[in-house]
Structure formats: C-alpha cells, structure tokens
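In this note's numbering, each residue carries its 1-based index in the sequence shown increased by 18.
In this text, a Cβ means the ideal position worked out from N, Cα and C, and glycines have one as well.
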Amino acid sequence: MHTMLSSISDVYKSHPLFLHHKNPDLHSLQELPDSYAWAPSLEDSHHHHHGHTLSPGDDVVPPVIDLEDPNACVLIGHACKTWGVFQVVNHGVPGRLLDDVEFAGKSLFSLPPQQKLKAARSPDGAAGYGIARISSFFSKLMCDVVVEYEEAMKALAEKLTWLVLASLGISKQDIQWAAAGPNNNGQDNLKDASAVLQLNFYPTCPDPERAMGLAAHTDSTLLTILYQSAISGLQVSKEGAGWVTVPPIPGGLVINMGDLMHILSNGLYPSVTHRVMVNRTQQRLSVAYLYGPPTSVLISPHPKVVGPSRPALYRAVTWHEYLGTKAKHFNKALSCVQLCAPQNAMFAEGNDNHKNDNSNNNNNSVQVG
Ligand SMILES: C=C1C[C@]23C[C@@]1(O)CC[C@H]2[C@@]12CCC[C@@](C)(C(=O)O1)[C@H]2[C@@H]3C(=O)O
Ligand SMILES: O=C(O)CCC(=O)C(=O)O
Ligand SMILES: [Fe+2]
Numbered sequence: 019m020h021t022m023l024s025s026i027s028d029v030y031k032s033h034p035l036f037l038h039h040k041n042p043d044l045h046s047l048q049e050l051p052d053s054y055a056w057a058p059s060l061e062d063s064h065h066h067h068h069g070h071t072l073s074p075g076d077d078v079v080p081p082v083i084d085l086e087d088p089n090a091c092v093l094i095g096h097a098c099k100t101w102g103v104f105q106v107v108n109h110g111v112p113g114r115l116l117d118d119v120e121f122a123g124k125s126l127f128s129l130p131p132q133q134k135l136k137a138a139r140s141p142d143g144a145a146g147y148g149i150a151r152i153s154s155f156f157s158k159l160m161c162d163v164v165v166e167y168e169e170a171m172k173a174l175a176e177k178l179t180w181l182v183l184a185s186l187g188i189s190k191q192d193i194q195w196a197a198a199g200p201n202n203n204g205q206d207n208l209k210d211a212s213a214v215l216q217l218n219f220y221p222t223c224p225d226p227e228r229a230m231g232l233a234a235h236t237d238s239t240l241l242t243i244l245y246q247s248a249i250s251g252l253q254v255s256k257e258g259a260g261w262v263t264v265p266p267i268p269g270g271l272v273i274n275m276g277d278l279m280h281i282l283s284n285g286l287y288p289s290v291t292h293r294v295m296v297n298r299t300q301q302r303l304s305v306a307y308l309y310g311p312p313t314s315v316l317i318s319p320h321p322k323v324v325g326p327s328r329p330a331l332y333r334a335v336t337w338h339e340y341l342g343t344k345a346k347h348f349n350k351a352l353s354c355v356q357l358c359a360p361q362n363a364m365f366a367e368g369n370d371n372h373k374n375d376n377s378n379n380n381n382n383s384v385q386v387g
C-alpha cells in the first residue's frame, strides 16, 4: 500500500514557529545584550566537566573511526553504545568539498542582514535564514544563525546507517522501507530517505561564559553528519564525564546518533545530547546534515533488538509525527513515544543536561501521550 509522502516542510505547517526573538545582527557587538545572557546554573558549568569522575583509562573524547578499517562496523557499534557519537576519517568526502561548503557558508553569512532576510524562514517553513527552531523553548537568545542549504552527503549517510544497523545485527533485507526501488538501479538505497542540510553560524561573543551557541539537545534524526570546520565548540554529554568537547580533526566528520536511531535500536544506542559553546575571538561555522527515513514511514524498535527480556521501549512513529512532537515538546519528545521505563539506567539519565527548561529533568516522569 502506498502512503502519501510528506516532506519535512509539511511538518511545520501545523507547528508554526513564533519566536520571541528577531533575527539578530551580532557582528559588531562589544557587549553581550541581556537577552543573550544565560543565567548561571549551580548544577552546570559551561566549560568544565561536572559532577562525575572518570575511571583511569576511560576515553575522554569520542572515538575516531577510520571508515576504511575492516573492523569499522564493530568499532561503530561500540561507539554508538557507549557515546552515541563518533568521528570518522577516510570517509570518502573530499577535503576540497568540505572546504567549498565552508567557504560558501561563510560567504552566505557575511551578506548584509537585509540580503539574508530576503531568504528568511517563514514561521511554518523548514528552510531559510533564521534562528534555530529550538530557540522558542528558551527565554534567552542563542548566537545562532541558520540557513538551510543543499544536500551533499547522502552517500555517506546511507553507508553509515547500514554500518550502524549492521552493528546491531540488522541487515538491508531487514529494513523494508529501504528496499531497492525500481528507479535506483538495483542499489541498496535508503529509499526516499529525507534530509536537511543546515548551516550554523556562531559569531564571536564578547562574553562567552554567559552565552550559549546552541542549547543542549538531541537531534530527531537517524543520524547527523556534522562538519565543524577547525573551530571547537561542540560538546557532547557523556555519562560519568559531563560535557566533553569534540575536538575538530582535519577533514573529520562528527556522527551523532539521533532519536530515531535510539528508537530503532530499542534504546541500545543513545541519541547523544550535545550543545555548542561560543568563543571570544573566533567565529564558527558548522554544517549539519540531518538524516532520517522517508517522513511517512513508521519507525519502531526493530524486531531483531526486541525480545522477551527486552520489550519494545517505544511505539511506532513517523519522522513527520516525531518532528511535530519535538517542535511541541522539545526534549520530552522521546518520552512522549515511550511505552515503558527503560531498564538500563544509562537511558534514564541520558538527557539530564537540559538545565534551562525549567522543568523536571527526568524524562521518565512524563506521561505517554
Ligand atoms: C529536520 C529537522 C531536524 C531539526 C529540525 C529540522 O526541521 C531542521 C533543523 C534541525 C534542528 C537543528 C538544531 C537542533 C534541532 C533540535 C532544531 O531545533 O533544529 C534540530 C531539529 C531536530 O533534530 O529535531
Ligand atoms: O554546530 C555544531 O557543532 C552543532 C550543530 C547542531 O547540533 C545541529 O545543527 O543540530
Ligand atoms: Fe544537533
């Protein structure tokens, strides 16, 4: 049976975004405007690890995996389980292409504000120039400018998705919606996969300790491929270590597990909570490729990772519905599709770094519905 395919833009028609902030021009600020100053939190610290101690021998940065390594699949499985994020090198995306995207992104963001506003994202649209969607959940502004750009990394996203699934014992034949269609030359494409290319620009900030580049969140995706250029700022939340900076490596790409992969893996692979810090002297550009299944396909814990000792933790959900849930409930979205409390403490504590949402941080306390 064919269902009507929706697109990501359709999601926001029923979830228009009305930000309490305007697109800012942050280029020449000497002082941090009050609207950007995030209240200090006693429990959290911007730049230091907090709360937990590391055991000797623990890795303090996410693994770097050579995609040409014959053991890559096993290494990816381990990284997904323990971190929910890893970096890849020898990924086949030419360095020249990364440089070109970076140059194009920087050129776009250096246009005069009036020019950029011609491409402003409308409240019910998915693409265009604007503040990050999640800004509506915070009363303080993020130094973040967003433009949706063109798709560039489909081949790598597909390859990585298969590797991640293979590490769970799930093969191409096990994923119906990814079956080879009549028009794809018999290739094992993830049929009609959806993706968004997002350029994030973080201007220099006169008071980085009090500002936030992009607030803590998980991506709704299966996985996200992030090119963070040479400037650090990305931090991931790691159980036992707090906030860990993901160091930029030349030509490297950061791979984040998203909420849909968390659901598909029945909670075995956490969707990594991450955030972006700004800095005083260097502006930063990142290019995020947010990759998901066809928007109308139901994603649920895969039968291969469900069993009597491990019941399904989540109900089936389409990416379309889930993006709507995320647009409405933000970091409670996973709880909204949760069927029962995860047995593994790691998942129960996985999202405990949202300190600015003025609400109970325990995801499990939120009702399904
Ligand atoms: C497909 C999408 C995922 C995303 C919302 C979007 O329509 C395009 C931007 C993505 C992003 C990037 C920053 C964090 C995030 C939570 C947000 O507000 O916009 C994600 C969204 C997501 O993964 O849910
Ligand atoms: O800028 C970064 O490093 C991260 C961006 C991000 O998390 C996102 O676009 O979802
Ligand atoms: Fe993200």
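| Alpha-carbon to alpha-carbon, Ala55 and Val92 | Translated into the one-based positions of the sequence shown, residue 92 becomes position 74. Translated into the one-based positions of the sequence shown, residue 55 becomes position 37. Taking the straight line joining both Cα atoms gives about 43 Å.
| Start-to-end residues for the alpha helix (DSSP H) that takes in Tyr340 | Locating residue 340 in the sequence shown gives position 322, counting from the first residue. Element bounds for Tyr340: 337 to 347.
| said: DSSP three-state label for Val106, please. | reply: Taking the first residue of the sequence shown as 1, we reach residue 106 at position 88. Val106 carries a strand assignment under DSSP once its states are collapsed to helix, strand and coil.
| task | Count the other CB atoms, across all protein chains shown, that sit within 10 Å of the CB of Val264; report buried if there are 16 or more and exposed otherwise. | result | Position 246 of the sequence shown, counted from the first residue, corresponds to residue 264. That one is buried.
| query | Under 7 Å, do Val294 and Gly325 count as touching if we go by C-beta distance? | reply | Indexing the sequence shown from 1 puts residue 294 at position 276. Indexing the sequence shown from 1 puts residue 325 at position 307. In this structure, Gly325 does not lie closer than 7 Å to Val294 by Cβ.
| request: Inspect the beta-carbon positions of Leu244 and Val272 and report whether they are closer than 7 Å. | output: Your numbering for residue 244 matches position 226 in the sequence shown. Your numbering for residue 272 matches position 254 in the sequence shown. Yes, the Cβ-Cβ distance between Leu244 and Val272 is below 7 Å.
| So is Pro131 buried or exposed if we call it buried at 16+ other beta carbons inside 10 Å? | On the sequence shown, residue 131 is found 113 positions in, with the first residue counted as 1. Around the beta-carbon of Pro131, fewer than 16 other beta-carbon atoms lie within 10 Å, marking it exposed.
| request: Count the other CB atoms, across all protein chains shown, that sit within 10 Å of the CB of Lys346; report buried if there are 16 or more and exposed otherwise. | output: As a first step, residue 346 must be located in the sequence shown, where it is residue number 328. With fewer than 16 other Cβ atoms from the protein chains shown falling within 10 Å of its own Cβ, Lys346 counts as exposed.
| Less than 6 Å between the CB of Val315 and some heavy atom of ligand 1, yes or no? | Mapped onto the sequence shown, residue 315 falls at position 297. No, since every heavy atom of ligand 1 falls outside the 6 Å radius drawn around the Cβ of Val315.
| Any idea if Asn274 is buried or exposed, counting beta-carbon neighbours within 10 angstroms, 16 or more meaning buried? | Here the question's residue 274 lines up with position 256 in the sequence shown. By the neighbour-count rule (16 or more Cβ atoms within 10 Å), Asn274 is buried.
| task | Give the straight-line distance between the Cα atoms of Ile26 and Tyr307, rounded to the nearest whole angstrom. | result | As a position in the sequence shown, residue 26 is number 8, starting the count at 1. As a position in the sequence shown, residue 307 is number 289, starting the count at 1. One C-alpha to the other measures close to 14 Å.
| Beta carbon of Asn218: closer than 6 Å to some heavy atom of ligand 2? | Here residue 218 is taken as the residue at index 200 of the sequence shown, counted from 1. Yes; taking the cut-off as 6 Å, the Cβ of Asn218 has a heavy atom of ligand 2 nearer than that.
| Taking the alpha-carbon positions, what's the Thr100 to Asp225 distance? | By one-based count along the sequence shown, residue 100 stands at place 82. By one-based count along the sequence shown, residue 225 stands at place 207. Each residue's Cα considered, the two are about 33 Å apart.
| request: Would you tell me roughly how many angstroms separate the C-alpha atoms of His292 and Gly276, rounded to the nearest one? | output: Working through the sequence shown from its first residue, we reach residue 292 at position 274. Working through the sequence shown from its first residue, we reach residue 276 at position 258. So the alpha carbons of these two residues sit roughly 11 Å apart.
| query | Quick one: is the Cβ of Asp237 within less than 6 Å of any heavy atom of ligand 2? | reply | Counted from its first residue, the sequence shown places residue 237 at position 219. Correct: Asp237 has its Cβ closer than 6 Å to ligand 2.
| message | Can you tell me which residues form a DSSP beta bridge with Lys172? | response | For the purposes of this step, residue 172 is taken as residue 154 along the sequence shown, with counting starting at 1. BP columns for Lys172 are empty, so no partner.
| task | Tell me whether Leu252 counts as near ligand 2, meaning its Cβ is closer than 6 Å to at least one heavy atom of that ligand. | result | Here residue 252 refers to the residue found at position 234 of the sequence shown. Yes.
| message | Whether or not the segment 108 to 124 and the segment 302 to 316 are in contact is what I'm after, with contact meaning three or more pairs of Cβ atoms, one per stretch, closer than 8 Å; do they touch? | response | Under the Cβ criterion (8 Å, minimum of three pairs), the segment 302 to 316 counts as touching the segment 108 to 124.
| Within the present structure, is the beta-carbon of Gln300 separated from the nearest heavy atom of ligand 2 by less than 6 Å? | Taking the sequence shown and counting its residues from 1, the one referred to as residue 300 is at position 282. Not so, every heavy atom of ligand 2 lies at least 6 Å from the Cβ.
| task | Identify the continuous beta strand (DSSP E) that holds Leu240 and give its terminal residues. | result | The sequence position of residue 240 within the sequence shown is 222, counting from 1. Here Leu240 belongs to no beta strand (DSSP E), and DSSP marks it neither H nor E.
| request: Name the one or two DSSP bridge partners that Lys124 has. | output: Here the question's residue 124 lines up with position 106 in the sequence shown. Paired residues: none, contrary to the question.
| request: Indicate the three-state DSSP secondary structure (helix, strand or coil) for Gly113 in the structure shown. | output: Start at 1 with the first residue of the sequence shown, and residue 113 comes out as number 95. Gly113 falls in the helix class under three-state DSSP.
| said: Buried or exposed for Gly187, going by 16 or more other Cβ atoms inside 10 Å? | reply: The sequence position of residue 187 within the sequence shown is 169, counting from 1. Gly187 comes out exposed.
| field | As assigned by DSSP and simplified to three states, the class of Asp225 | value | The residue given as residue 225 occupies position 207 in the sequence shown. When DSSP states are grouped into helix, strand and coil, Asp225 belongs to the coil group.
| message | Which complete alpha helix (DSSP H) runs does the segment 245 to 311 hold, if anything under 4 residues is left out? | response | Within the segment 245 to 311, the complete alpha helix (DSSP H) runs of at least 4 residues are 277 to 282.
| request: Over the uninterrupted beta strand (DSSP E) stretch that includes His392, give me the two end residues. | output: No answer is possible for residue 392: the residues shown for the chain start at 19 and end at 387.
| task | Answer yes or no: do Ile94 and Val182 have a C-beta to C-beta separation smaller than 7 Å? | result | Residue 94 sits at position 76 when you count from the first residue of the sequence shown. Residue 182 sits at position 164 when you count from the first residue of the sequence shown. Yes. Within cutoff.
| query | What three-state label does DSSP hand Leu181 in the structure shown? | reply | One-based indexing of the sequence shown puts residue 181 at position 163. In the displayed model, Leu181 falls within a helix according to three-state DSSP.
| Quick one: is Lys136 buried, meaning 16 or more other Cβ sit within 10 Å of its Cβ, or exposed? | The residue labelled residue 136 in the question sits at position 118 within the sequence shown. Counting of Cβ neighbours within 10 angstroms places Lys136 among the exposed residues, the total staying below 16.
| request: Would you mind reading off the limits of the alpha helix (DSSP H) that contains Ala97? | output: Position 79 of the sequence shown holds residue 97. Counted as a single uninterrupted DSSP element, the alpha helix (DSSP H) harbouring Ala97 occupies residues 90 to 100.
| What do you get for Asp237, buried or exposed, if any count of 16 or more other CB atoms within 10 angstroms of its CB means buried? | For the purposes of this step, residue 237 is identified with residue 219 of the sequence shown, where counting begins at 1. By the neighbour-count rule (16 or more Cβ atoms within 10 Å), Asp237 is buried.
| said: According to DSSP, His33 sits in a beta bridge with which residue or residues? | reply: On the sequence shown, residue 33 is found 15 positions in, with the first residue counted as 1. DSSP lists no bridge partner for His33.
| Among Leu126, Leu178, Phe219, Pro34, nearest to Ala97 - alpha-carbon criterion | Indexing the sequence shown from 1 puts residue 97 at position 79. If we check each option's Cα against that of Ala97, Leu178 comes out closest.
| Comparing the CB of Gln132 with every heavy atom of ligand 2, is any distance shorter than 6 Å? | As a first step, residue 132 is located in the sequence shown; it is residue number 114 there, counting from the start. No; taking the cut-off as 6 Å, the Cβ of Gln132 has no heavy atom of ligand 2 nearer than that.
| Is it the case that the Cβ atoms of Val107 and His338 are separated by a distance below 7 Å? | On the sequence shown, position 89 is the one that residue 107 refers to. On the sequence shown, position 320 is the one that residue 338 refers to. Against a cut-off of 7 Å, the Cβ pair of His338 and Val107 comes out as no contact.
| query | Does the Cβ of Lys344 lie closer than 6 Å to at least one heavy atom of ligand 1? | reply | Start at 1 with the first residue of the sequence shown, and residue 344 comes out as number 326. For ligand 1, at least one heavy atom lies less than 6 Å from the Cβ of Lys344.
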